[in-house]
Every structure is written in C-alpha cells, then in structure tokens.
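A.B. asks: Numbering (the numbering used here), first residue to last: 17 to 250.
Could you have a look at this structure, given as structure tokens, before my questions?
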C-alpha cells in the first residue's frame, strides 16, 4: 500500500512540474552593418531581449552593449551609441523606463533616413538634435553596457508567448530595430545601422494541456503499480 501511495505521489510531482510556468527565454539582436547601414563604418551593438511575467503584464528588459571593436566593415574602433529605435507588436501598450541609462529622451513614430521608416518608439541620450541629426555627446562608447525596460500591457499577456512573437517578427522582418551612432572614427563620423538576429533561438516548447498531464500521471502510476505486481513472489 505504501509503495502504491509513493508511486502516486511521484506521478503527481511529475505532472505538477510540467504544469509549472517555465521562465521566458531571452534572445539577442545585433545592430550590425550586415543587416543594413548608411555609412558601413563598422559601429555595432547588441540588444538582449528578456521577458518576465509580472501579474497580467510582461516586463521587457533590454540589455544594451556597444560592441564596436574594429573587426566589421570599415573597421571603426570608436563609436558612441546615442539612440535606439524600436518596433513593437501591434496592439501592445508600453511604458518606458530608462533606469540609470543616458537614454532619457523619447520619440514616437521615428524616421531614420536611410533605414526603415516609422519605427514605433525611439530612445536617445540627452543633447541637441534627434534621430535625423544633431550631435549628442552622451551615450554608450565601445565596450560599455546599460539596460532599459518596457512594461508591456494588454489582454492575456504571457511572457513566453510574447518572446516567441517578437522573435518571429524579427525573423520575418515585420519588426525592426535601428541604432544611431555618433563620434565614429571611420567613414563620415556617424552611422545609422539596422539590427537582426545573428543566431536564431529555437522556439519554446508548448506546455501540455492539464488533461494530457492527468492522463500521463495515471499511466505512469499504473506502470509503477503493474511493475510492482510482477515482482511480488507467488
């Protein structure tokens, strides 16, 4: 009797672990001339998208790193990332938090000449100008990192699902991101660069339905009990 009870507990534990929500995956976008650039200077950056469930909303944390290192295109070794323009999924509401970054200026419907037009939202460091022109001195220099976040709200938002939808959008080109660089020591001294996905993240696995898990648990417990019966001596 004790063994049967232990088997049922083990089955319930397996089902419970499968039902537990898994952590959302992260993926990285690379702002790189290979995806499009107005000057091809070699200024580059990485954006790490990480989705976290917060009640009915989802917190999108974006880690930003200036990866300019002299190995791309015209070989820029110095560049300051002064702005990033983003696309979002249709129907999403979002609230921006610059955290401790220098990207405190915000813009809607951003047009970056030479790149895709009308990005949904742009963030830029303090200083004169906008995404079209100007020469702000603040931002991320080569090797520096920072982070910003967006609180995403809407109906029935799930972090894992949003992560996959954003990833799909960047893969099929319906979503884009662009970066604005100043103080570049190659080409004309500035650059506007599109982002893409250097390594595709495998799709997240779907969570089995509760009814399927119940059946799995009953089958597992039945197998354990049947095995025990076969081992009992006559």
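The beta carbon of each residue, even a glycine, is placed where N, CA and C say it ideally should be.
1) According to DSSP, is residue 153 helix, strand or coil?
2) Considering only the alpha carbon of each residue, which of 76, 103, 59 and 115 lies closest to residue 67?
3) The ligand NAD heavy atoms versus the CB of residue 100: any closer than 7 Å?
4) Near residue 196, what residues of its chain come up, given a Cβ to Cβ distance below 6 Å and the 5 sequence neighbours on each side ignored?
5) Spatial neighbours of residue 182 within its chain, please: CB distance less than 6 Å, with the 5 preceding and 5 following residues excluded, ordered by chain position.
6) Mind checking whether residue 173 and residue 73 have CB atoms under 8 Å apart?
7) Over the uninterrupted alpha helix (DSSP H) stretch that includes residue 176, give me the two end residues.
8) Below 7 Å CB to CB, which residues in the same chain sit around residue 81 once its five sequence neighbours on both sides are set aside?
9) Would residue 166 pass as a contact of residue 140 if the rule is Cβ separation under 8 Å?
10) Among the residues of its own chain, which have a CB less than 6 Å from the CB of residue 18, if the five just before and after it don't count?
11) Please state the DSSP three-state secondary structure of residue 199.
12) Can a CB atom of chain B be found closer than 8 Å to the CB of residue 188?
C.D. replies: Reading from the atomic positions:
1) Position 137 of the chain shown, counting from 1, holds the residue named residue 153. DSSP, read as helix, strand or coil, puts residue 153 in coil.
2) If you number the chain shown from 1, residue 67 lands on position 51. Shortest Cα-Cα distance from residue 67 to any of 76, 103, 59 and 115 involves 76.
3) Absent from the structure shown: the ligand NAD. Ligands present: none.
4) In the chain shown, the residue the question calls residue 196 occupies position 180. Result list for residue 196: 98, 99, 147 and 208, in chain order.
5) Working through the chain shown from its first residue, we reach residue 182 at position 166. Counting only Cβ-Cβ distances below 6 Å, and skipping sequence neighbours, we find nothing.
6) On the chain shown, position 157 is the one that residue 173 refers to. On the chain shown, position 57 is the one that residue 73 refers to. Yes, they are a contact pair.
7) As a working mapping, residue 176 is identified with position 160 in the chain shown. It spans 175-188 - the alpha helix (DSSP H) in which residue 176 sits, taken as one unbroken run.
8) The residue given as residue 81 occupies position 65 in the chain shown. Contacts found: 61, 62 and 161.
9) Working through the chain shown from its first residue, we reach residue 166 at position 150. Working through the chain shown from its first residue, we reach residue 140 at position 124. No, the pair does not count as a contact, with Cβ atoms beyond the cut-off.
10) Position 2 of the chain shown holds residue 18. Unreliable placement is indicated for residue 18, whose pLDDT of 44 sits below 50; the coordinate value is still reported in the next sentence. Excluding its 5 nearest sequence neighbours in each direction, residue 18 has no C-beta neighbour in its own chain below 6 Å.
11) The residue you call residue 199 lines up with position 183 of the chain shown. Residue 199 falls in the coil class under three-state DSSP.
12) Among the chains of the structure shown, chain B does not appear; only one protein chain is present.
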